[in-house]
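Working notes, structure below.
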Amino acid sequence: MSDLILNKLFSLKDRVAVVTGGSGVLGGAMAKGLALAGARVVVLGRNEARASAVVSDITANGGESMAVLADISDRSQLEIAREAIIQRWDQIDILVNMAGGNIPAATITPDATIFDMPHTAFEEVVSLNLLGTLLPSQVFGQAMVERNQPSGCIVNISSMSAIRAISRVVGYSAAKAGIDNFTRWLAVELAQKYGDGMRVNAIAPGFFIGEQNRDLLLNADGSLTERGQKIIEHTPAGRFGKPDELLSTLIWLCSSGSSFVNGVVIPVDGGFSIYSGV
0 MSDLILNKLF SLKDRVAVVT GGSGVLGGAM AKGLALAGAR VVVLGRNEAR
50 ASAVVSDITA NGGESMAVLA DISDRSQLEI AREAIIQRWD QIDILVNMAG
100 GNIPAATITP DATIFDMPHT AFEEVVSLNL LGTLLPSQVF GQAMVERNQP
150 SGCIVNISSM SAIRAISRVV GYSAAKAGID NFTRWLAVEL AQKYGDGMRV
200 NAIAPGFFIG EQNRDLLLNA DGSLTERGQK IIEHTPAGRF GKPDELLSTL
250 IWLCSSGSSF VNGVVIPVDG GFSIYSGV
């Protein structure tokens with residue numbers, strides 16, 4: 000296959016990509032990866048300094064990028080962000096719903112039970128992840144379908160906890176399982192009503208070290224915690240993932256190379272999801 004064909008299949012040149020949570024470890028890597036594939040990247044987050052740092056990295060490497068401050072749980076802020084993006088680049092082609100996370104109160108510690116968890120904490124983490132995927136999909140997806148010829152790609156972020164019972168993270172697991180279902184539902188909805196130019200898929204990362212899980216998986220000296228050791232034992236690759244290892248799957252899902260791929264959840268997990276432990 001010639002380089003010309005490969006570039007046509009996987010180039011994101013002149014496409015505008017919005018990455019929510021683009022200032023985090025994984026979100027930042029995704030934003031930079033999309034830029035390297037040719038996309039003009041919007042780093043959307045709440046921390047101006049961190050978002051601007053990602054933008055600076057992208058522009059220093061010859062890419063085009065802008066930081067936009069918005070809370071994914073606030074529709075009005077997202078609508079203002081959408082207008083700012085349209086004003087600058089006239090379109091939105093790609094949405095990566097990376098923003099999300101967990102909160103301690105929705106996690107069952109070893110000395111607690113499900114009966115101790117406040118239902119308000121469960122509501123909060125479900126809202127952060129599931130509604131934090133729904134609202135950007137509505138706001139930025141609307142810009143995609145209102146074009147003369149509707150087209151766009153939404154990539155949601157799932158989790159190993161959506162498909163396997165992983166102890167402690169009850170609220171996060173329920174939210175991510177909801178994202179899997181929402182991905183499939185929205186893929187059907189948009190394709191049937193707006194045509195095959197609209198696609199929705201998801202990536203289910205395995206275990207990567209980020210801000211929220213570092214202390215759960217690694218000790219201060221970099222050695223594995225007990226929980227980290229269990230995860231590695233159940234990962235055939237025998238290690239945690241590296242943020243850049245998400246990029247090829249992301250670029251593929253956002254490119255014309257996956258034009259007939261819709262409604263799927265792709266694990267990038269070193270084999271964790273298929274290993275029984277035996």
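Note that numbering that gives the first Met the number 0 numbers the sequence shown so that position 132 is 131, with each residue one more than the last. All C-beta atoms, glycine included, are put in the ideal place defined by N, C-alpha and C. Keep in mind that this is a model prediction, so the values were computed, not measured.
Give me whichever residues DSSP pairs with residue i in a beta bridge.
i: G221; result: Looking at the DSSP assignment, G221 forms no beta bridge with any residue, so it has no partner.
i: S64; result: V40
i: P103; result: P103 is not bridged to any residue.
i: M197; result: G151
i: P266; result: A203
i: L94; result: V17 and I153
i: G240; result: F207
Rank the options by C-alpha distance to the C-alpha of residue i and give the top, closest one.
i: E123; options: K7, G99 and G62; result: G99
i: G276; options: S172, R163, Y171 and S258; result: R163
i: Q86; options: A142, S157 and F259; result: A142
i: A176; options: V125, P135, D73 and V144; result: V125
i: S51; options: G27, I165 and Q211; result: G27
i: N60; options: A83, L77, A36 and R81; result: A36
i: P242; options: A105, L8 and F207; result: F207
i: R45; options: D115, G23 and N212; result: G23
i: R167; options: Q228, Y274, H233 and T108; result: T108
i: K192; options: H233, K229 and S150; result: S150
i: L77; options: Q137, G32 and A104; result: Q137
i: L25; options: N212, E232 and G131; result: N212
Considering only their Cβ atoms, is the gap separating residue j from residue i smaller than 7 Å?
i: M97; j: V169; result: no
i: M29; j: L249; result: yes
i: G270; j: P235; result: yes
i: I71; j: F139; result: no
i: W88; j: R146; result: no
i: A174; j: L129; result: yes
i: A34; j: I57; result: yes
i: R74; j: L133; result: no
i: L94; j: S255; result: no
Do you know how far the Cα of residue j is from the Cα of residue i?
i: R238; j: L216; result: 12 Å
i: S10; j: Q148; result: 20 Å
i: V214; j: G196; result: The sequence shown places Asp at residue 214, rather than the Val named in the question. Spanning the two alpha carbons is a distance of roughly 42 Å.
i: C152; j: L252; result: 8 Å
i: D110; j: S157; result: 28 Å
i: L68; j: G209; result: 21 Å
i: A66; j: T182; result: 26 Å
i: D13; j: V53; result: 19 Å
i: G21; j: V42; result: 5 Å
i: H118; j: E188; result: 31 Å
i: A190; j: V15; result: 20 Å
i: R81; j: N261; result: 24 Å
i: S172; j: A48; result: 30 Å
i: S257; j: M116; result: 42 Å
i: D179; j: S272; result: 15 Å
i: G194; j: M159; result: 31 Å
i: G259; j: A120; result: Correcting the residue type first, residue 259 is Phe in the shown sequence and not Gly. If you take the alpha carbons of F259 and A120, they lie about 39 Å apart.
i: I230; j: N6; result: 37 Å
i: N101; j: V144; result: 31 Å
i: L127; j: L223; result: 28 Å
i: G131; j: I79; result: 16 Å
i: Q228; j: Y274; result: 15 Å
Q: Give a yes or no on contact between the stretch 255 to 269 and the stretch 197 to 204, applying the rule of three or more CB pairs nearer than 8 Å.
A: yes
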